[in-house]
Every structure is written in structure tokens, then in C-alpha cells.
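Numbering (full-length UniProt numbering), first residue to last: 1 to 394.
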Ligand code: SF4
Ligand code: SF4
Ligand code: SF4
């Protein structure tokens with residue numbers, strides 16, 4: 001997806017109607033012209049959550065989020081990206097590997113399996129968060145049919161988008177080569193970010209990727225199993241639940257949005273919809289959860305207030321990032337559960353539901369590691385021709 005400059009009418013609506021920026025119509029018109037002409041942005045864009053809601057506002061479908069991305073890429077190519085945010089096995093300490101300091105033994109044991117899965121035409125694709133952070137979620141009978149692939153070596157490569165299209169193509173081709181060694185032709189993906197990378201980004205940029213790799217979300221997989229009488233949900237969940245769509249799905253087809261809703265109905269749920277849903281979903285705020293506490297509070301409360309309006313007892317999410325809603329929603333007497341947990345309860349399992357506890361422990365661990373290694377919030381890296389280089393700092 002690219003910014004379509006020739007379609008843009010310079011109306012500024014993408015900025016003035018953004019739910020998260022405070023920009024007048026007049027200022028927005030001036031700003032968008034400046035952004036297009038100079039590929040730079042003013043400070044107010046520091047508050048941008050990169051949620052892509054503006055793509056759904058734009059009357060000419062010009063993809064303004066991609067203009068913002070171009071500007072960010074330009075800055076990152078000059079200054080580099082913090083190693084903490086680079087989910088690569090070439091960076092010894094990043095948010096994923098730091099997480100290994102908590103429940104290390106079990107995680108290391110599972111990672112051995114995820115990094116060396118047996119050959120299989122179909123696999124569950126875990127991504128980083130489910131391999132390193134919210135690892136409880138995949139510990140279930142419902143994800144036993146095929147091998148699981150995960151760990152940093154098989155990260156979807158979402159971070160490479162910060163370095164431009166050529167780097168994304170190189171990463172996608174490198175992953176495809178690895179996947180071919182396993183003989184895999186279909187992934188059942190848990191993480192919405194990974195779904196977007198495979199179903200949208202790589203498939204659109206690399207024709208062989210689209211030909212060789214089919215992708216299904218875990219909701220689509222569970223629905224199929226249910227309709228084929230291979231899975232029974234006996235413990236119906238009789239609760240009033242709303243589904244929070246992740247920003248990462250915004251560019252995907254409607255069937256991806258239908259699946260979690262159908263799954264929830266199969267589980268026995270009374271489904272209620274928030275005002276902003278599907279492609280027009282609002283952000284959960286996870287991108288500023290650790291760096292800007294007040295901002296996170298505002299953004300998450302904006303989302304949770306919509307769940308309160310429809311009197312939901314519970315918010316269901318499909319993204320571990322969106323589990324950021326768990327603590328602020330509990331403060332409003334609404335629990336936040338991952339859809340996988342709800343499916344596990346419905347087959348009679350007892351998932352530990354440790355979302356808040358795990359997030360807090362990992363947050364403490366990241367802060368402690370940064371205090372002990374202050375270079376972690378200084379050292380930056382660039383990716384060029386598929387290779388990672390540390391930026392020299394004075
Ligand atoms: S990406 Fe989100 S926060 Fe940023 S301008 Fe667009 S709508 Fe606003
Ligand atoms: S990208 Fe769309 S909303 Fe933004 S200024 Fe251009 S036409 Fe208007
Ligand atoms: S989208 Fe998934 S695999 Fe990709 S960086 Fe995020 S957690 Fe890792």
C-alpha cells in the first residue's frame with residue numbers, strides 16, 4: 001500500500017478528524033501540504049499512534065497513513081531504530097529476548113520446539129509475542145493438530161517496514177526460503193500483525209509468496225473444525241461480549257472481521273458491537289503503553305468507554321498487543337480476554353488468565369534490564385540490503 005499523492009485533495013481531514021490529534025482544520029490543511037512537499041512533519045505528529053484510522057477517513061482513498069510512514073521511514077533511515085524494538089535474533093537484548101528472564105526454563109524448552117518444527121504442510125504461526133511474552137495462550141489442546149513455528153528466527157518481520165519496501169521484499173523472500181525447507185504451504189496465524197504481513201504486505205509485494213503460502217486466522221481455523229464436527233464447545237459462554245478489532249487488520253478483507261464474531265456466537269456469547277468496529281476500529285493504545293502513560297490512559301479509556309456504552313461484560317481481543325486493555329478495563333469492571341482463552345474455556349480447559357500479572361512482570365523486567373544496560377535506550381540500528389548494522393553513536 002502506498003500514499004496516492006495524485007488523488008489527495010489536500011483537504012486535511014485525515015489530520016483534523018483524527019481521534020488522537022488535536023489539529024484545527026486550517027492547520028491540518030497547511031500541514032498536509034507541508035508533509036507532501038517536504039516529506040517532514042511537525043511535532044504534533046509525535047502523538048500519532050500509527051493506527052491507520054485516517055485511511056478510513058480519507059474521502060479520496062489516498063492512504064494518508066502511508067505518507068506518515070514514508071516520513072517516519074525517512075527519519076529512521078537517518079537515525080536508526082532502537083535495538084529494543086528490533087525483533088531480530090541478531091539483537092541480543094530486545095523486548096522479546098528480555099522476556100526470557102521470566103519463566104525462562106519453560107520458555108526456552110518450548111522455543112527449542114518452535115525453532116525446529118518437523119516438516120508439515122500446515123503449521124501454527126506464533127510470532128514473537130506468543131513465543132516470548134503471552135506464552136500461556138498457545139498451551140492448549142485446540143492448537144495441537146499441527147507443529148508450531150515461532151521464535152525470533154521466524155518473526156513475521158513487521159519491524160522491517162520501518163526501513164522501506166526493498167527491505168520488506170528481502171525479508172519476505174528470506175522467510176519464504178526458510179518456509180520452503182519445512183514444506184509448509186499454509187499457516188494458521190494467531191497474531192494479527194503477522195496476518196497482515198503475510199496476507200497483505202508480502203503477498204502483494206512478492207508474487208511467489210502469494211502463490212506458495214496460504215494464510216488463515218485461528219478464528220477461521222476453529223470455525224472450520226467446529227463445522228466439520230472435529231471440535232465441540234460444550235461449556236457455552238453465556239456472557240454479553242464485545243469484540244475489539246485490532247488496527248493491524250484494517251487493510252484486510254471482511255472475512256477476517258467476520259470470523260471472530262462467528263466464533264463468539266458459536267461459543268454461545270451474546271455479541272454486542274461497539275460504535276467503532278471492523279475497519280473503523282479505534283486503537284487500544286498499546287503503542288504508547290510503556291512510553292507515555294497519560295496518553296495510554298486517554299486512548300484506552302476512549303476505547304473502553306464504547307464497551308461500557310453497550311454494557312459489555314467482557315472485551316474479547318485477538319491480538320496480544322490489545323491485551324493492554326486488560327488493566328484499564330478491569331478498573332471499569334470489564335474483563336479483557338484473548339479469544340483463544342474463551343475458546344479454551346468453551347472446550348473445558350482452564351486457561352490461567354494471567355494477562356495483567358505477566359504484563360506487569362515483563363514491564364518491571366524491561367525497566368530493570370534497561371537500568372542495568374543504559375545503552376539499550378541509546379543504541380540504534382539500521383537495516384540495509386537485508387543486513388542489520390549498529391549506528392555509531394558518539
Ligand atoms: S495513524 Fe492514527 S493517530 Fe496517526 S494520524 Fe492516522 S488516525 Fe491519527
Ligand atoms: S490524504 Fe485524504 S484526507 Fe488527507 S488531505 Fe489528502 S485527500 Fe484529504
Ligand atoms: S506482528 Fe507478531 S511476529 Fe511480527 S513483530 Fe509483532 S509479534 Fe512479532
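Just so you know, even glycine gets a beta-carbon here, dropped at the ideal spot from N, CA and C.
The alpha helix (DSSP H) enclosing residue i, as first and last residue numbers
| i | result |
| --- | --- |
| residue 437 | What the structure shows of the chain is the stretch from 1 to 394, and residue 437 is not part of that stretch, so it cannot be assessed. |
| residue 206 | Premise fails: residue 206 is in no alpha helix (DSSP H) and is neither H nor E. |
| residue 35 | 25-38 |
| residue 261 | 254-266 |
| residue 17 | Premise fails: residue 17 is in no alpha helix (DSSP H) and is neither H nor E. |
| residue 168 | 165-181 |
| residue 368 | 355-372 |
Classification of residue i by the beta-carbon crowding that lies within 10 angstroms, buried from 16 upward
| i | result |
| --- | --- |
| residue 136 | buried |
| residue 174 | exposed |
| residue 289 | buried |
| residue 364 | exposed |
| residue 242 | buried |
| residue 24 | exposed |
| residue 254 | exposed |
| residue 318 | buried |
| residue 69 | buried |
| residue 108 | exposed |
| residue 377 | exposed |
| residue 300 | buried |
| residue 265 | exposed |
| residue 371 | exposed |
| residue 114 | buried |
| residue 202 | buried |
Beta strand (DSSP E) segment containing residue i, residue limits
| i | result |
| --- | --- |
| residue 380 | 380-384 |
| residue 196 | Residue 196 -> not in any beta strand (DSSP E); alpha helix (DSSP H) instead, spanning 192-196. |
| residue 391 | From DSSP, residue 391 is part of no beta strand (DSSP E); its letter is neither H nor E. |
| residue 188 | 186-189 |
| residue 243 | 240-244 |
| residue 217 | 214-217 |
| residue 122 | 122-125 |
Whole-Å CB distance - residue i paired with residue j, under 8 Å assumed
| i | j | result |
| --- | --- | --- |
| residue 188 | residue 195 | Contact doesn't hold; Cβ gap of about 10 Å is too wide. |
| residue 92 | residue 53 | With a Cβ gap of about 36 Å, residue 92 and residue 53 do not count as contacting. |
| residue 138 | residue 148 | 7 Å |
| residue 171 | residue 184 | No, residue 171 and residue 184 are not in contact; Cβ-Cβ is about 17 Å, not under 8 Å. |
| residue 316 | residue 282 | Not quite, the Cβ-Cβ distance comes to about 15 Å (not below 8 Å), so this is no contact. |
| residue 71 | residue 17 | Incorrect: roughly 19 Å between the Cβ atoms, too far for contact. |
| residue 207 | residue 322 | 32 Å between Cβ atoms; not a contact. |
| residue 5 | residue 32 | Rounded, the Cβ-Cβ distance is 11 Å, inconsistent with contact. |
| residue 102 | residue 120 | That pair is no contact at about 30 Å. |
| residue 222 | residue 169 | Actually they do not touch by this definition, with Cβ atoms about 32 Å apart. |
| residue 455 | residue 275 | Here the chain covers residues 1 to 394 and nothing more, so residue 455 does not appear. |
| residue 231 | residue 342 | With 8 Å as the limit, residue 231 and residue 342 do not qualify as a contact, their Cβ atoms being about 14 Å apart. |
| residue 182 | residue 117 | 7 Å |
| residue 186 | residue 216 | 7 Å |
| residue 125 | residue 176 | Wrong, their Cβ atoms sit about 13 Å apart, outside the cutoff. |
Cβ neighbours of residue i in the same chain (closer than 7 Å, five flanking residues each side left out)
| i | result |
| --- | --- |
| residue 60 | 7, 8 and 9 |
| residue 220 | 259 |
| residue 130 | 137, 138, 150, 190, 191 and 320 |
| residue 65 | 52, 54 and 55 |
| residue 261 | 243 and 271 |
| residue 269 | 237, 239 and 241 |
| residue 332 | 304 and 308 |
| residue 42 | 31 |
Close Cβ partners of residue i (< 6 Å) along its chain, the five nearest in sequence each way excluded
| i | result |
| --- | --- |
| residue 132 | 96 and 99 |
| residue 366 | 98 |
| residue 218 | 188 and 190 |
| residue 155 | 87 and 128 |
| residue 329 | 304, 315 and 336 |
| residue 250 | 52 and 279 |
| residue 49 | 20, 283 and 287 |
| residue 193 | 158 and 248 |
| residue 164 | 73 |
| residue 76 | 162 |
| residue 313 | 239 and 240 |
| residue 352 | 136 |
| residue 29 | 12 |
| residue 85 | none |
Cβ neighbours of residue i in the same chain (closer than 8 Å, five flanking residues each side left out)
| i | result |
| --- | --- |
| residue 311 | 240 and 272 |
| residue 252 | 195, 196, 199 and 200 |
| residue 391 | 79, 80, 379, 380, 381 and 382 |
| residue 40 | 34, 71 and 74 |
| residue 234 | 346, 347 and 348 |
| residue 358 | 102, 133, 134 and 136 |
| residue 205 | 165, 168, 169 and 172 |
What ranges does the beta strand (DSSP E) occupy inside the segment 305-335, keeping only unbroken runs of at least 3 residues that lie completely in it? 314-317
What alpha helix (DSSP H) runs, 4 residues minimum, are completely inside the segment 30-111? 53-57, 64-79 and 95-98
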